[in-house]
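Residue numbers (the working numbering): 284 to 893.
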């Protein structure tokens, strides 16, 4: 019984080996399965090969490059041995496609490499293979560079290469439309207007259109575009029932006139992709070749990502020069005052003997390692003594790398008379603050840095004494034009999370004339001075800008911890309406956890005494 089992085991292993060998033998080795018999006497090799193909059941095609005479008798010879002999003697090679066999010379072997454009190399290979154009004797391979490598006679290589290119071109010309919705980014452009400029922020659709068009179609890149506005308002001439000839000639065009940029002209036989934005769905609609869609999806996936929030707190303060020391501000050296530290002249070595601002009046910056409330507390104390004035304490929430504009202005319209009409010009006074934050994460796990691009513009309307008048119309009416003092600070700074940036150094002088006394009596000549007095007071103030950026997480709870009292059935920060177990208070008002621990310690003391 053991002998039978061992014999069956060896036989089964032999079957496995034979089956494995059959799997690894190429398929074309079974192309010839009939022994070959033939007699030749000075017979041309093409005739012998044609007879061999007919006996094997194939149609034949012999290359003209195969020449020579065959002599001999072949009786029931193995077909593979016959082919090997022909290859050794005459250099005969062959490949089979379907029921056709092609004989060619080994000197005709050539190789060609094709780089796909629309489809991948594997997709093109599958298409050509499904069409039945590839022979198992001459397979098409994909090299390490992702290109198709074709080897064989020239006719075979040309057929395969032409088919690959036709499949590739057919795929390129397949135009589709696709809608891709966005979650975080904006599909359409955003226009932000202020008193002096218009800011154009391109959306994802404009970025993609600019990318595929190479800057044509009147698209000015993919960055933010800022357009300064003129001070003169748009005239109303020609907007009534009767249009002025001058206005119509300058501001109108014939109805059949079209304006096109030179870069947007496309030949009629060239396809131009189209990308538009749908504001209703916040989606991008793409009309382009099908093979390009995966590239669009990859780019949109990188652009449509959540952006972190940055909270900006600003304080614009005018402080008397003499009272600036009480705030702990000294541009000439580094100092430490109270519970905060000031470092002047960031990026420079500070010396106690040197002076960073020897002449005064320049712009310097400091970094505060403190809370903004400590600074404003001292400013409020100075305001009570009329030594400081807070112009504004705006606070805004913006996105990373998105400009935030804080504007508090007053606009006066000045009429300037012309020959035929009058124009209105804007005279703006107030404060405009623009901050663009950029978050820089640290690699060592410490607090991130916040880079800020800051632009502060203050237009201060002077008093009546410094204004002047002009004639505004033909009747001789005068128009007062105020004098605006413009102060601008443009800078960049880098602070760490929890720090504040203080900018300052501009001095401004204010003159105030006062005339006090008893009415009527103080105006009497000669003796009026006995009943009144006049004074001319000049004050010099320094303008300070304190900016505190903070990276804000939407999951942060900005409520004091003391509001979450365990004695209440609900928490002020919970998102649902479920009740929770409360902890009652004892008579002294302390928490129950504390009273329970006190009771347990009392019980332990009683047990010890017993």
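Note that CB positions come from ideal geometry on N, CA and C, so glycine has one too.
All of these numbers come straight from a predicted model, not from anything done at the bench.
Residue 403 and residue 489 have their C-alpha atoms spaced approximately 28 Å apart. With at least 16 other beta carbons inside 10 angstroms of its own, residue 369 counts as buried.
Counting C-beta atoms within 10 angstroms of its own C-beta, residue 810 has fewer than 16 neighbours from the protein chains shown and is therefore classed as exposed. For the pair residue 687 and residue 717, the Cα-to-Cα distance works out to about 6 Å. In the displayed model, residue 402 falls within coil according to three-state DSSP, outside both helix and strand. With a threshold of 16 other beta carbon atoms within 10 Å, residue 349 meets it and is buried. For residue 337, the uninterrupted alpha helix (DSSP H) segment begins and ends at 328-339. For residue 798, the closest C-alpha among the options 347, 815 and 788 is that of 815. In the pairwise beta carbon analysis, the segment 356-370 is classified as not touching the segment 412-420: fewer than three pairs are separated by under 8 Å. Boundaries of the beta strand (DSSP E) harbouring residue 601: 592-603, taken from the DSSP string. Here residue 781 has 730 as same chain residues with Cβ atoms under 7 Å from its own Cβ, once five neighbours each way along the sequence are excluded. Nearest neighbour of residue 775 by Cα position, chosen from 769, 784 and 400, turns out to be 784. Along the length of the segment 756-832, whole beta strand (DSSP E) runs at least 3 residues long occupy 761-764, 767-779 and 783-800, reported in chain order.
Contact annotation, residue 351 with residue 373: C-beta distance approximately 5 Å; criterion of less than 8 Å satisfied.
Using a 10 angstroms sphere on the CB of residue 560, the tally of other CB atoms reaches 16 or more, which defines it as buried. When rounded, the separation of the alpha-carbon atoms in residue 586 and residue 480 is 27 Å. The segment 427-444 makes contact with the segment 373-390; the number of CB pairs closer than 8 Å reaches 3 or more.
Between residue 598 and residue 786, the beta carbon gap of about 11 Å keeps them out of contact (Cβ cut-off 8 Å).
According to the DSSP assignment, residue 495 belongs to the alpha helix (DSSP H) that extends over 487-496. Residue range 362-373 is occupied by the alpha helix (DSSP H) that includes residue 366. If you ignore the 5 residues before and after residue 421, its C-beta comes within less than 7 Å of the C-beta of 378, 434, 435 and 439, all in its own chain and listed in chain order.
Scanning its chain for C-beta atoms nearer than 7 Å, with the 5 sequence neighbours on each side dropped, one finds around residue 472 the residues 483, 484, 485, 486 and 489, in chain order. Between the C-alpha atoms of residue 317 and residue 323 there is a straight-line separation of about 19 Å. Minimum Cα-Cα distance from residue 593 among the listed residues 581, 678, 563 and 554 corresponds to 678.
Per the C-alpha coordinates, the member of 397, 602, 375 and 831 positioned closest to residue 669 is 602.
Remark: C-beta atoms of residue 595 and residue 832 approach each other more closely than 7 Å.
Nearest C-alpha to residue 400 among 582, 778 and 451: 451. Residue 662 places its beta carbon 7 Å or farther from that of residue 604.
Residue 419 and residue 331 have their C-alpha atoms spaced approximately 24 Å apart.
Per DSSP, residue 350 lies in no beta strand (DSSP E) and is assigned neither H nor E. When beta bridges are read from the DSSP output, residue 717 appears opposite 688 and 738. Straight through space, the alpha carbons of residue 408 and residue 719 are spaced by roughly 51 Å. Cβ atoms of residue 384 and residue 463 stay farther apart than 8 Å, at about 51 Å. Rounded to the nearest whole angstrom, the C-alpha separation of residue 778 and residue 684 is 15 Å.
Contact between residue 705 and residue 742 fails: their C-beta atoms lie close to 24 Å from each other, not under 8 Å.
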